[in-house]
Amino acid sequence: MSKYNACLGYDIYYNHFNKTDEDASQSSLKACKKVLLPIKDVPDANDPFTFVTGDVTVTVALTDQCSDCYYRKGGQCQLDSREQFSCANSYGTILLQF
1 MSKYNACLGY DIYYNHFNKT DEDASQSSLK ACKKVLLPIK DVPDANDPFT FVTGDVTVTV
61 ALTDQCSDCY YRKGGQCQLD SREQFSCANS YGTILLQF
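Going by the UniProt record's numbering, 86 is the number at position 86 of the sequence shown; the sequence numbering is gapless.
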(Lines of atoms letter the chains of each structure in order from A and count residues from 1; the text may use other names and numbers.)
(Lines give C-alpha, C1' and ligand atoms only; values in the text may rest on other atoms or scores of the structure.)
Protein backbone atom coordinates (compact mmCIF):
# COMPACT_ATOMS: atom_id res chain seq x y z
CA MET A 1 0.00 0.00 0.00
CA SER A 2 1.42 3.40 -0.96
CA LYS A 3 0.41 6.88 0.10
CA TYR A 4 0.38 9.97 -2.12
CA ASN A 5 -0.04 13.24 -0.24
CA ALA A 6 0.97 15.91 -2.77
CA CYS A 7 -2.67 17.05 -3.11
CA LEU A 8 -3.29 19.66 -0.41
CA GLY A 9 -6.00 18.47 1.97
CA TYR A 10 -6.10 14.90 0.64
CA ASP A 11 -4.24 11.70 1.37
CA ILE A 12 -4.52 9.19 -1.46
CA TYR A 13 -3.68 5.55 -0.77
CA TYR A 14 -3.06 3.31 -3.74
CA ASN A 15 -1.95 -0.16 -4.63
CA HIS A 16 -1.11 -1.90 -7.87
CA PHE A 17 -3.90 -4.15 -9.15
CA ASN A 18 -1.81 -7.32 -9.10
CA LYS A 19 -0.97 -6.93 -5.40
CA THR A 20 -3.22 -8.26 -2.68
CA ASP A 21 -5.65 -6.01 -0.84
CA GLU A 22 -5.11 -7.68 2.53
CA ASP A 23 -3.36 -4.64 4.05
CA ALA A 24 -6.22 -2.28 3.18
CA SER A 25 -9.01 -4.66 4.18
CA GLN A 26 -7.62 -5.15 7.69
CA SER A 27 -6.65 -1.55 8.39
CA SER A 28 -8.31 1.76 9.09
CA LEU A 29 -8.74 2.12 5.30
CA LYS A 30 -11.49 -0.51 5.34
CA ALA A 31 -14.16 2.22 5.55
CA CYS A 32 -12.74 4.11 2.55
CA LYS A 33 -14.20 3.93 -0.94
CA LYS A 34 -12.24 1.78 -3.35
CA VAL A 35 -11.86 3.03 -6.92
CA LEU A 36 -10.26 0.84 -9.60
CA LEU A 37 -8.59 2.78 -12.41
CA PRO A 38 -6.90 1.53 -15.58
CA ILE A 39 -3.12 1.78 -15.41
CA LYS A 40 -0.33 1.65 -17.97
CA ASP A 41 1.48 -1.64 -18.49
CA VAL A 42 4.68 -0.20 -17.03
CA PRO A 43 4.33 2.58 -14.45
CA ASP A 44 6.96 5.28 -15.00
CA ALA A 45 7.13 6.89 -11.54
CA ASN A 46 5.99 6.67 -7.93
CA ASP A 47 3.39 9.39 -8.52
CA PRO A 48 0.11 7.49 -9.12
CA PHE A 49 -1.13 10.14 -11.54
CA THR A 50 1.68 9.47 -14.02
CA PHE A 51 0.63 5.88 -14.59
CA VAL A 52 -3.17 6.22 -14.54
CA THR A 53 -4.45 6.12 -18.11
CA GLY A 54 -7.68 6.61 -19.98
CA ASP A 55 -6.73 3.95 -22.53
CA VAL A 56 -8.60 0.73 -21.95
CA THR A 57 -8.31 -2.34 -24.17
CA VAL A 58 -11.50 -4.35 -24.48
CA THR A 59 -11.73 -7.74 -26.16
CA VAL A 60 -15.15 -9.01 -27.19
CA ALA A 61 -15.63 -12.63 -28.24
CA LEU A 62 -18.82 -13.16 -30.24
CA THR A 63 -20.65 -16.45 -30.46
CA ASP A 64 -21.06 -17.88 -33.96
CA GLN A 65 -24.76 -16.98 -33.80
CA CYS A 66 -24.07 -13.37 -32.89
CA SER A 67 -21.29 -13.05 -35.45
CA ASP A 68 -23.60 -14.35 -38.20
CA CYS A 69 -26.37 -12.02 -37.05
CA TYR A 70 -24.18 -8.93 -36.96
CA TYR A 71 -21.79 -9.42 -39.90
CA ARG A 72 -23.93 -11.34 -42.39
CA LYS A 73 -27.43 -10.12 -41.59
CA GLY A 74 -26.72 -6.60 -40.31
CA GLY A 75 -28.64 -7.32 -37.11
CA GLN A 76 -28.15 -6.61 -33.43
CA CYS A 77 -27.38 -9.39 -30.96
CA GLN A 78 -29.87 -9.29 -28.09
CA LEU A 79 -31.55 -11.51 -25.52
CA ASP A 80 -35.32 -11.91 -25.64
CA SER A 81 -37.64 -11.87 -22.61
CA ARG A 82 -36.65 -15.50 -21.84
CA GLU A 83 -32.96 -14.57 -22.06
CA GLN A 84 -32.57 -16.52 -25.31
CA PHE A 85 -30.48 -15.20 -28.20
CA SER A 86 -32.33 -13.02 -30.68
CA CYS A 87 -31.07 -11.36 -33.86
CA ALA A 88 -32.98 -8.05 -33.95
CA ASN A 89 -33.34 -5.73 -36.95
CA SER A 90 -31.65 -8.15 -39.35
CA TYR A 91 -31.94 -8.00 -43.10
CA GLY A 92 -32.29 -11.74 -43.41
CA THR A 93 -30.69 -13.76 -46.15
CA ILE A 94 -30.56 -12.24 -49.61
CA LEU A 95 -30.55 -14.67 -52.50
CA LEU A 96 -29.06 -13.34 -55.73
CA GLN A 97 -29.65 -15.12 -59.01
CA PHE A 98 -27.53 -14.52 -62.09
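Every residue gets a Cβ at the ideal spot worked out from N, C-alpha and C, and that includes glycine.
Residue i bridges to which residues according to DSSP?
i	result
S2	Y14
C66	In the DSSP output, where bridge partners are listed per residue, C66 has none listed.
V60	DSSP output for V60 lists no bridge partner at all.
V52	I39
Could you pull the start and end residues of the beta strand (DSSP E) that residue i belongs to?
i	result
C77	Q76 to L79
S86	F85 to A88
Following a CB-centred definition, is residue i positioned closer than 6 Å to any heavy atom of the ligand FAD?
i	result
V42	The ligand FAD is absent from the structure shown, which contains no ligand whatsoever.
Measure the CB-CB distance between residue i and residue j and report whether it falls below 7 Å.
i	j	result
V52	L37	yes
Q76	A88	yes
S86	Q78	yes
Using the C-alpha atoms, what's the distance from residue j back to residue i?
i	j	result
D55	F49	14 Å
Y71	T57	22 Å
Y10	S67	48 Å
C69	K33	41 Å
A6	R82	53 Å
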